[in-house]
Structures are given as C-alpha cells and as structure tokens.
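Have a look at the structure below before the remarks.
4 protein chains.
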Amino acid sequence: MRELQVALIGGGFMGRAHSLAYAVAPLAADLGARIVPEVLVDVDADLAARQARQLGWRRSGTDWRAAITDPAIDIVDICTPPQFHEEIALAAMAAGKHVFCEKPISNSAEESRRMAAAAREAGVVTQVGFNYRHTPAISFARQLLDSGKLGAPLQFRGAYLQETAFGADPHRWRAKRATGGSGMVGDIGSHVIDMAEMLLGDVVRVAARVRAWVPGTEGWTDESVRLGEDLVDDGGVWVAEFASGVIGSFAVNAAASGRKNQVRFELDATRGAVEFNWNDKELLRVSYTDESADHRGFRTIHTNDQHPDGWWRLAGLGTGYVDVSAIQFQKFVRAILAGGQASPSFADAAHIQGVVEAIHAAAVTDRWVDVPVRTERKVLA
Amino acid sequence: MRELQVALIGGGFMGRAHSLAYAVAPLAADLGARIVPEVLVDVDADLAARQARQLGWRRSGTDWRAAITDPAIDIVDICTPPQFHEEIALAAMAAGKHVFCEKPISNSAEESRRMAAAAREAGVVTQVGFNYRHTPAISFARQLLDSGKLGAPLQFRGAYLQETAFGADPHRWRAKRATGGSGMVGDIGSHVIDMAEMLLGDVVRVAARVRAWVPGTEGWTDESVRLGEDLVDDGGVWVAEFASGVIGSFAVNAAASGRKNQVRFELDATRGAVEFNWNDKELLRVSYTDESADHRGFRTIHTNDQHPDGWWRLAGLGTGYVDVSAIQFQKFVRAILAGGQASPSFADAAHIQGVVEAIHAAAVTDRWVDVPVRTERKVLA
Amino acid sequence: MRELQVALIGGGFMGRAHSLAYAVAPLAADLGARIVPEVLVDVDADLAARQARQLGWRRSGTDWRAAITDPAIDIVDICTPPQFHEEIALAAMAAGKHVFCEKPISNSAEESRRMAAAAREAGVVTQVGFNYRHTPAISFARQLLDSGKLGAPLQFRGAYLQETAFGADPHRWRAKRATGGSGMVGDIGSHVIDMAEMLLGDVVRVAARVRAWVPGTEGWTDESVRLGEDLVDDGGVWVAEFASGVIGSFAVNAAASGRKNQVRFELDATRGAVEFNWNDKELLRVSYTDESADHRGFRTIHTNDQHPDGWWRLAGLGTGYVDVSAIQFQKFVRAILAGGQASPSFADAAHIQGVVEAIHAAAVTDRWVDVPVRTERKVLA
Amino acid sequence: MRELQVALIGGGFMGRAHSLAYAVAPLAADLGARIVPEVLVDVDADLAARQARQLGWRRSGTDWRAAITDPAIDIVDICTPPQFHEEIALAAMAAGKHVFCEKPISNSAEESRRMAAAAREAGVVTQVGFNYRHTPAISFARQLLDSGKLGAPLQFRGAYLQETAFGADPHRWRAKRATGGSGMVGDIGSHVIDMAEMLLGDVVRVAARVRAWVPGTEGWTDESVRLGEDLVDDGGVWVAEFASGVIGSFAVNAAASGRKNQVRFELDATRGAVEFNWNDKELLRVSYTDESADHRGFRTIHTNDQHPDGWWRLAGLGTGYVDVSAIQFQKFVRAILAGGQASPSFADAAHIQGVVEAIHAAAVTDRWVDVPVRTERKVLA
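Listed below in structure tokens is the structure:
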C-alpha cells in the first residue's frame, strides 16, 4: 500500500486536530494508502517534541525548510498563523509537495491569488482547511442540488455565531490584522461563505456593516477607530449577490451570547429547500414543494453511508468534529492518489478571501463592492 | 361598564380574525369596558350580511361613510385593501373616532405620514395591526432589554418566511402595487421591521436586494422588468443600521419551501441574547453571559401571567394567533380608556413604511438609502 | 339559525375557558347554529354575577337545579368539582338536556359507569372535556391510522408532565380523593390515556408504580401512608396492554421541573410512526418506512385546513388552547345538530376512569390489573 | 512513557470502532501511556489480516488463546459474539490481563456473575462497552446529581429506539438467543439501563411487556410462540423501581420508524431536572426549580472542557461517536495506570444483565420480578 508522508508545520490546536484526523481517516474508510505522520515542525522546539510525542509523529523539528524539501515528504500541512502561509506554501509547491493549508489561506486576497497561481503552475494538489463543508449532510445538500430535485436556488441565509468575544480567548489574534487575521468575518465568516460558494457558485457583489467590540464596554466601539490598520471586526452582516442571480443574507458575530459554535444555513429553491446547522450536524432538513397538501413540511434526514462522504451504516451513530476533519483529509488523499484536484483548493480559498476583503471594503466605503472575478474555471472536486 | 362600539370596514379574512379577537379580548382579561361589534361594512352587501351574521355583528352595511360618522361608534377598524386606508382613516379621525388600521398602513410612506400627522392633530388613539409583536414572549424580550439585564444590543437577525408564492394564493394581491401592495417586503417583512424597531429603536439606513419570482419558472425573474411600476417582490435580503449603532440582517421570502408562517428574530447584546420564533410563540430563549462556565446556554422560557401581556397562570397552556390578536385589541382599548397612546401607532407604521420604501429604493439604486427621520419622538406604549 | 342555550354550572377557571370557547367556536367555523351563553351558576352568588358579567353570560344564579330544568336550556355544561358531577349530570339528562362535563367525569369509575348508562338511556349527546385530543395534529394522526398509511400500530409512549407540585397550586385539590380528585394520574394522566384510546382502542391491563411527594421534602414520601383513603399521587409510571395487542409505556409527573404543561405521545406502527407534543401543538411529526434509503426521517407537518378539524388556510398561523377548546365545542354542537354521538362520550370517560383506577390498584397491589371491559361498543365520532 | 499492548479478539464492526478509539484516545488527552494495537485475532484469517492492515494493528492471527497468554499483551479486548465472552474473559483474567469486553457481557446473567466473580478474584481491571454513558453531557448530569444541585431524584424516563427491524440488518443475530443475543431489550435497552443505574443506583424490581415482530407482517407476532427457546424480542416497555425509591419508565423498540439511533432519558428531581438525547449528544438540558418565576425553564448546555470528560475548549465543536468511544478507553487506561477500578465493570454489567433477564421473566410470567441483588458494593469509578 502506498505511503504518504506528512510534514506538519505548526504545533498548536490545529496541529492536534489534524493529527487526530490523520489517525482516523484511513481507519474509517479504505483510502488505498497509508498516511504517515512523519515530522512535526514548530518554532518552539520543546513544544514540537512534546506534541510529536503525544500526537504520534515520528520526528519533530524547528526547521520548516528542511522538512518541506525532505524527499521523503509527500504532503506539507501548514498550520501556522496566516502571515507565514504564503512563504511556506510557495516553497513547498516549488519542492513538488502537495499542500494542505489551514484557513484563512493568507493575510490578503492578493497573497492568496499568488498562492493559487503557483499551485496551478506547480500542478500539485492543494486544499484549504474549510473543514465544516465536508459534513455529509452538506455534501448531501449539494447532491440534491446537482440532481435537480430542489430546482433552481433562490435565496440563501447563512450565519456563524460564537460567544468567544466574551472570554479571554487566545484565538483572538485571529481578529487582528497585525497577527495575520482578517477579523471574525475572515475567521469564521469565511466558513459560511465557503459553504455558500460550494453550493451556489461565486458571490459577485456585497454590501455590509461590520463592528468591533471591546469586552467590558457597552455596545460596539467606534469602528472608524479600529477598522483601520489593525482591523478587528467582531462580527458583521452583509447581503450578497451570486453570479447566478441568487441573493444571500449573512451574519457573523463572535459576541453572540449562548451560541457556542453555530454555523448554519438555509437555502430556498424553486422545488424545495434545505437547512443545515452544525449543532445538528448529523442531519439535513429537506422540504419538497410538490408534496401533497397535507404532507408538506421539512423532513429531518440523518445521514449515513447512503449519503455522500458518510461512513457509518447506522444513521444517528454520531458524526462529530473528528469525523468531518477525517473526511476532509480522505478527500485530499484521494485527490492526490487520483492525480486530480481537491476542493476547496487554493483558488477557491483565494476567491473566499476576495469576498472577505470586499465585505470589509463595502463596510468602510458604504457602497456595494464587487468581488474580484476568478481567473480560472471553478472545479468542484 | 363603558361600552365601545366598533365599526368594522372590510369583511374578508382580517375581518374574521378581528371579530374573534373582539370576542376573546374582554373575556380573557378584565378590560373595564365592553367591546360591542356594532356594524360590519363591506362593498359586497351579501358578504357583509353573511359575515355579520356568522361573526356576531349587530348590523351590516355597504356605506363606510355612514358607519364612521355614526355618533354611536367609538372605534373604526379598517380591514380594506391598503389603497383605501388613507381616505377612510382621515374621515374617521375627522369624526373623532379612534382608528385601528390593518397593515400595511397605506400605499406609500407619504400617505402614511399624512395619516400620522392627522392622528396627532385629531388627538385620537391609533394603532396598526402588527399583531405578532404583541406575543408575550416578545413583550418579555423588551422588558429584559428595558431592565438592563441583557446589556446593550449589538446585532439583530430577523426573517419572515412563507411558501405562499408556490400556491394560487388570493393574498398575492398584496404583492402588487396596483392593488395597494408593497411586495412581500412590505407585506410580511414589515412585521419583522416592526419587531426590530419596537426592541431597538429606529432603522436609519439600509442596503438591499429584492427579487420577484414567476411560479412555474426556474429561478428569479429579471427583476428590472418587474420592480418598476407594478412592484412585486417575492422576497429580499437587507442589512440595516439602527440609530443606536446596532446592525441588523434581514431576510424575507414567500418562496421558502417548507416554511409555513415563520417570523423570527435573534438579538445579541453585551450581557445576553434572546431568540424568538413565531412557530414556538409561547417561549423566549434567553442567554446570559455571566452564568458560570459550566452553565452557559439558552434557557427556554415558556411565558405565562408572570410575563408582560400573558394571561394564563399555567405556562405551556397554549398561546395562539387568537390570543395574540386579542392582546392587540386589549392594548388598544386600554389606551382609549386611559386617554393615552397605543403602539404601534400610525407614526410607528409610517416609519416602518419608510423603511420598506428605503429597502426597495436601495435594491433598485444599488446604494445604501437613508430612511426618512421620524418627525416626532417615538412613544413606547 | 337554530339557537342552543347553555347553562354553565361552575364559575372557576374552566368556566372562563369554556366561555372563551363558546365565543370563538361559531366565529371560527360555520356551525349552523348560534351558541347562547344563557346562565352561569355558581354556589357563590357574587362570583357567579361577576363572572357572568365579564364572560358575557346573560344571567347568573346559584340554583343549578333551576337552571337545568329551565325549558329554554339546551345544553348543561358541568364545570364543578368532580364529586358533584354525577348528581348534576343525571338530573340534566333526566331533564332531556345534552350534557358537556369536565374531566375527571366523576369521583369513581363506578359513578361514571352509572352516568354512561344514564346517557344511553336518555338518548342525549354527552361529551367530556378531554380537550387536548381535539388538536388538529392529533385528528390528523388518527386519519393517517384509519387510512392505513401507517400500517398496524406496535408501540405507544405517552407522558404528561408539569411542575405544578412545586408551587402552592390551588388546583392541587384535584389530587385529593376527599375533594373529588383521583391524583395526578387521574387529573392529567387521563388526557394521555384518552389520546391513546382514541388512537388505539381500549387498554385492557396495566402494571404501575405511583408516588406522592410533600413539597419541601427530599424524595417521594412513603406512599403506603398516603395512597390510602386520601389518595394523592403526584405522578406515576405504568405499562399497558391494549386489546389490539399494542403495548404502551406511560409516565405522569407533576413534580417535573421545567415542564410547564407537556402532554405528548409517540406511536410506532409497521409502516410509519407519528409523534405529537402539545408544546408544538401545531404540528405532527410523521415518518414513513417505505421512503427511499436516503430520504427516511420524520417530516414536520404544520396543520391547517387541509387537516381534520383545522380552520386556518395558512399553516403556522398559530393554533392555541383557545382554538382547541373551540373545536371541542364545535364537535359537541355538530353532534347535537346531527342527532348523533360525540367523542369522548360519558362511556369513553367511564372507561378512562376505569384505567385510572386500575393503575392505582396495580400500584397498591403490585400486580397487573385488568381494566373493566366496556359494556357497549365504542363509537368514534 | 508506558506502553499498553492490546490484543483485540473479533474483527467485525466493533473491532473497527475500537481501533478508531485506540487511535484517538491518546491524541485527544494526555494519558501518560501509549496504547499499542498489537494483535487482531479473528476466526477468519483473511479478515483478520485485512482488518489488521487497514486498522493499524501490527499483527493478526486466529488463535485467541495464544494472543491472551502472550506476555507482551496487557489488555485483552473482546469483540466476539457474546456466547464466547465468558471463556475468553476467564482465560484472559487467569493470565493476569486487564479485560475490556463488549456488551452484552454474556449469554446470561449467571455467566456474567461468574465473570464478575473471577474479575474480583484476579484483581484485574475490567470494563464493559456501554459506550454511550461516557458522553460528557451524561457525566455532567451525574456531577450535578452528586453535587446535590438537583436535589433528590424522583422519576426517570428512558428509551432506546431504532428502525433496524425494518431492514435486513446483519446485527439482528443480536436478537436471537441461539446466537448469544438477549433480544433488543438486551442489545439496546441495556444501554439505557446502564445510564439509569449509573445515575440512580440499582433497579430492584420490574414489570414488563415485550414483543417480537416479523418484518412484512402487520402487527406484533404471537409472542408466546417466539419468546421461548429462541428469544427474539424487538422491543418492550417496562416500569422499574430503584432501591432508592425512584420510579422509572422505559421503552425499547427496534421497529420505531424514523428513529435512527435514539437513546435518551429524562430525570426529574426535587430541585431540578435533566434531559439527555444521544441525537443531541453534545448538550444537557438542565432545569432548576428555584429560578425566579419569570425565568424558569430548561437551559441548553453544550459541554466542553469545563464539564467532566470533555476535551475541547470550544463548546459546540462537535462531540461524536468516535469521541465518546475514545473517552471510554481513556477511562479504562487511567484505571489500569492508577491500579483502581473502572466503570461499568463486569459486576455492573452482570447487574444490568440481571435486569434484562428480570424484564423477560416479568413479561412472560405477568408478574413483577425482583432483580438479583448485587453481592458486592457498587463502585462508581
């Protein structure tokens, strides 16, 4: 059986989550390959060694350049803060490695477009860590759309809500531009943009309001002060127009009391509708308009191996974060083995980054802002 | 006990709903007055007679002018299509009657502002039929906000979704300007705007996309054709900025498969959050941020007589549409008896109409549009 | 139009609830008759007068015998405590009146069987106030069963849960035998027994445990002390066997923290299943086993005028306690006009009372106890 | 770091599930030991080899005796059909191995009591695969009970529902005594008995009805035919009395259309209540009776690392079947390292088996049946 040796760059929370996923992915489904957790790299040598030991990596180190040029390595997995993504990814692709990169893909849409261009040039497989989209219930939604059973999409409503702004969350660096962040619109909003674009194609224009909040104060801060150099939105609302004519409503808030980690969407179409909520991740709610008059209403469909990407025969067994992360890497590995492409690719992530930047620009300029058009055809893998 | 004699103008569905509410209101709570369903007027004499008989009105007729100038009448209740509202309301107020008017209050914000000015001039009590806002769970949400327990509001997310566009719905005249409609944004979206303004104060600016749909076709129609003279939106999405700095995300769709009659909102604030859904109308979900770390989460609070406007001692007994309509008229009657003001008044409805027009203008012009500022102080009664 | 004059005996909470229902019933649907609230009788003359005035009754009085023998009266509605039901009902039926009686129908199954026999003898229409069963969603469940779409019933699970035991609830007299009660199994459990027998036919045997609780103490009291002369169960659990072979699991608790007024059931059958919860009273959850492998799951069906007993064209408009009470009296009136029978009749209620007594006997004797067999054929009206 | 070498006996579905759990357990939390998947044994050599390769076991084999006497092995994990459990477990314990055994622990309560006695004798750590109980939300429920915050327990309602009876489920062997099964009461009902006993202590008496169903037929079969030698119940209902005086209602059905894999319970106590449903496994619903009158109701608490056994800092991240299985083995490993005991032990499982047998006996004999008393003190580890 083929072995795929991985170098993991970055030993924090996502490093642990990916390690779990690498362990589960080949056990849960027959991939036709073994994933070997070869080397874990971090700037902190002690952390790297400790994490490697606990998380099952053969070696640890501090030199990412050495790791990515190591001929034994097939896959480079980038879990560093975003300001380092471009440099590492370009080097890895130049070395012919397949690259998995956490989101946000980079500090800016410009950087991410350079990364997408380099990926196309290098001919390697790239994938970005928008993990939630791999939930079987969402894959089932896309299958229903592709099959025509739902008819033509009309309206999308999505939200990502957390209450992390109320705590002393170390992840809050994600909100600050100086530390490579793009606000909560970029950090969590990007997931719901990804879901929308996966299902409906590209967003072309947005109008938006974003806000920042200083914990302990009452109400939003004056965003003109803070949405400048050191952008730190804690949430926002926007409306979007898709190339297809579909319209969408979006909301993001990291100061949403009581919402732990709720990413969700509703999609109305001409012959039906679907509804997904990560807090009920095992199921998709589906409505068909052509039911008999006394039987109309949403069905609650628990996914299993009858649905795309599902493993378990018994629906309701219990899909979790680990499962969805493992599916993410199963797809990546299968794309590598098949010599094809993966989704969401660097090109997809660059487009999402473009949407995030358009949202911020729209909020600051008080105008509808166009999203830069994708330069190559979107591939749904 | 004082008697309040009512003239009902318009014998359709809303006439029936109001008749039910008039019957229930004084039985469910001690109003200190009797409501007498005196005369039901409709252009169709047969319909008027038949409805009066079934719905318990003493008399029927076809001459609304005669009815509203009848000295015996205290209250004129207008349930006609909107294009007739202004003329009837102005005449009724000129005759010194208190006026209850169904929503939308009029064909245009301009008309509704004239009605509001006439109401102020006449010194009568006016109220507009935004019935859903009177749900005890929503009144409780406002009480929590007023008490400071939730802190300062941050973000509002509201939606009103139906699947009426899929049927041959006689109410679809509401969508057409020619028949006095203001699209589904005006017809159902106005309810969620009313809830938002009741809780958060006035909306000042909006950006929007609206769409029309021709049943049987695939996807939205070309809205540039239809959103002209004979405006017929079937839904839309918008973002709004409130005077207070709160931001909001809104969605309306009458082509939302599986959604029967779902008006709902979520409100995040600095110390807590609330969530309401008409399909669970008996309860308010409430979260407080300062709970202990292992006890955070939404509470599901079923309303009863411990909550504002609630009647029943036993929570969970079963609040329905009839109850909420009755509460609406209880408040109207109490305002009349107290010589005070009612909410939502003509002035409130005129502002809502202004928001609806701003949404349509924003959608057509592709720009943020300011909502005309209210000329008098908002009164929360 | 025919007029049906009502004498209401008992001016407490249920008197108010029935008054509301009489007001709403003929407005919400065309009954072909007017219901006239003629006289309200209570032992407390002041209460009777005050309630009559507020609740719209023409007259009040203290002499129930005078009221029920008044030739102008068509319907006697008994809302007194249960120990007075038999005497009043027998007298009213002897006077040729149709009788509506609140539940529990009497102090004992023996009394209730005498009442049922008298009703058969008198040839009048009788109905007992098991109001919840008239919810359109439950009527729809029965329609699905009758149609064969669900196949043959297999297992029933029902519960009625409240937290009234924690408060100083004046209704607690219902729990004490001395004041005509039959414990919470009789007071609220009877509703879920009624639903089960309406859907599945008669229960034939039960095994049970019941318990009493003294507020302020920790844990159940020693039931051997209290389940004697002055029976006061606060809840219990039982298993039941139906004549059809279906098996059922039941639970009742008035000390169920957080449960306001939750009556609910689930029914599994060979081709499908249904689920009802009064807290979601507008909808029935329905599953069909023969769906395609990727579309199995419960549908959430909001009832409207496409479903039996539903009024409103717009599903989701908001069915409440008032609506369901009004449906209850619509059915009673229609049975009177048609010269037929109503459900649940005195005979049905007598059988339910027999089940309640069997549960108490089973709990005390530690054995399965047979329910006395119904002496006449059950009629589903 | 200490290494614990595992021999897995049985290469079917549970073998895969355990392999996943062994991979995840040490990555998700610092155990202070490494779990080494050493040898996978199955009677089918090809299956053993294939599964070992995919699931990451170093070796495979067909000789379970060789495996369990191998000095390198620390843990024997038994995933065979139940009729082989006793022999393997006794041999493994005699060899001084710690033993993890899937449920049902054996063919009969008698066998399981012998196994429990041998475990006590051998002084090894034993644990049985009642995996669902390890859900952090359930551990939190027990913590709340232990802390006294809920007061004294009053009533328990539990159910385990599936629709597996409708399909050609290879797991149906579990229902047949000839193949080591104890019906669905034993197969899935045992999980909810385990949860009840974990929270409330031992069940002492039961009354029950069980039924069998032949797919394709209408209604339950004549159970007197089938509940004999080759016991195959497809579900049942029972009431239980606990040693503490708490009463409980239970239902199990494998012919519950629309229920995928729903194990759930509700527990009412004197100061509060909790509710758990595996389909919402991430959260516990908690009510406290002493809330202010307008704030009573269930809270929806998503578990995280603030709750017992929780790993993730971010509540709502997504607990799944894999997580809960991994927690199960984390506890087993920690008990081994600490030289203590694990729960549920062989003794606990033997008691559960006793309850299952009492349910079957109660159903057949039509009487309340006592559960054999545990011969040694229950240990909650």
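If you read the sequences in order, they're chains L, U, A and W.
Taken in order, the first sequence gives residues 1 to 381; the numbers are from full-length UniProt numbering.
Taken in order, the second sequence gives residues 1 to 381; the numbers are from full-length UniProt numbering.
Taken in order, the third sequence gives residues 1 to 381; the numbers are from full-length UniProt numbering.
Taken in order, the fourth sequence gives residues 1 to 381; the numbers are from full-length UniProt numbering.
Glycine included, every Cβ here is placed at the ideal spot set by N, Cα and C.
Cβ-Cβ distance between residue i and residue j below 8 Å
{"i": "residue 269(W)", "j": "residue 161(W)", "result": "no"}
{"i": "residue 303(U)", "j": "residue 282(U)", "result": "yes"}
{"i": "residue 259(U)", "j": "residue 197(U)", "result": "no"}
{"i": "residue 247(A)", "j": "residue 352(A)", "result": "no"}
{"i": "residue 335(W)", "j": "residue 115(W)", "result": "no"}
{"i": "residue 27(U)", "j": "residue 55(A)", "result": "yes"}
{"i": "residue 257(W)", "j": "residue 287(A)", "result": "yes"}
{"i": "residue 265(L)", "j": "residue 195(L)", "result": "yes"}
{"i": "residue 311(A)", "j": "residue 25(A)", "result": "no"}
Whole-angstrom C-beta distance between residue j and residue i, which should lie under 8 Å
{"i": "residue 236(U)", "j": "residue 271(U)", "result": "Wrong, their Cβ atoms sit about 32 Å apart, outside the cutoff."}
{"i": "residue 12(A)", "j": "residue 40(A)", "result": "At roughly 11 Å, the Cβ-Cβ gap does not stay under 8 Å, so residue 12(A) and residue 40(A) are not in contact."}
{"i": "residue 273(A)", "j": "residue 159(A)", "result": "In fact, because the Cβ distance is near 16 Å, the residues do not count as touching under 8 Å."}
{"i": "residue 255(U)", "j": "residue 140(U)", "result": "With a Cβ gap of about 32 Å, residue 255(U) and residue 140(U) do not count as contacting."}
{"i": "residue 145(A)", "j": "residue 153(A)", "result": "7 Å"}
{"i": "residue 299(U)", "j": "residue 285(U)", "result": "7 Å"}
Range covered by the alpha helix (DSSP H) that runs through residue i
{"i": "residue 153(A)", "result": "Looking at the DSSP string, residue 153(A) is not in any alpha helix (DSSP H); the run it does join, the beta strand (DSSP E), is 153 to 162."}
{"i": "residue 354(L)", "result": "346 to 365"}
{"i": "residue 150(W)", "result": "Per DSSP, residue 150(W) belongs to no alpha helix (DSSP H) and is neither H nor E."}
{"i": "residue 338(L)", "result": "321 to 338"}
{"i": "residue 13(W)", "result": "13 to 28"}
{"i": "residue 47(W)", "result": "45 to 55"}
{"i": "residue 192(A)", "result": "190 to 200"}
Endpoints, the beta strand (DSSP E) within which residue i is located
{"i": "residue 37(W)", "result": "33 to 41"}
{"i": "residue 247(A)", "result": "247 to 253"}
{"i": "residue 203(U)", "result": "203 to 211"}
{"i": "residue 8(A)", "result": "2 to 9"}
{"i": "residue 237(L)", "result": "235 to 242"}
{"i": "residue 127(U)", "result": "126 to 128"}
Spatial neighbours of residue i in its chain, beta-carbon cut-off 7 Å, leaving aside the 5 residues before and after
{"i": "residue 85(A)", "result": "78, 101, 105 and 106"}
{"i": "residue 22(U)", "result": "6, 35, 37 and 329"}
Spatial neighbours of residue i in its chain, beta-carbon cut-off 8 Å, leaving aside the 5 residues before and after
{"i": "residue 43(A)", "result": "62"}
{"i": "residue 224(L)", "result": "The predicted model places residue 224(L) with a pLDDT of 42, which falls under 50 and marks its position as unreliable, so this point remains unresolved."}
{"i": "residue 226(U)", "result": "Note that residue 226(U) has pLDDT 49, beneath the 50 cutoff, so the model's placement of it is unreliable and the number below is only indicative. Contacts found: 212 and 232."}
{"i": "residue 170(W)", "result": "No answer about residue 170(W) holds up, because its pLDDT of 45 lies below 50 and its placement is not dependable."}
{"i": "residue 96(W)", "result": "122 and 124"}
{"i": "residue 67(L)", "result": "7, 9, 39, 41, 61, 73 and 76"}
Contacts that residue i makes with chain C (C-beta to C-beta distance below 7 Å)
{"i": "residue 328(L)", "result": "In summary, chain C is missing from the structure at hand, where the protein chains are L, U, A and W."}
Own chain residues within Cβ distance below 6 Å of residue i, not counting five before or after
{"i": "residue 109(W)", "result": "353, 354 and 357"}
{"i": "residue 375(U)", "result": "none"}
{"i": "residue 127(L)", "result": "100, 332 and 342"}
Within the stretch 266 to 304 of chain L, note down every full beta strand (DSSP E) run reaching 3 residues or more, in order along the chain.
-> 272 to 277, 283 to 288 and 298 to 302
Any chance you could list the alpha helix (DSSP H) runs of at least 4 consecutive residues sitting entirely within the stretch 59 to 118 of chain W, in chain order?
-> 64 to 69 and 85 to 94
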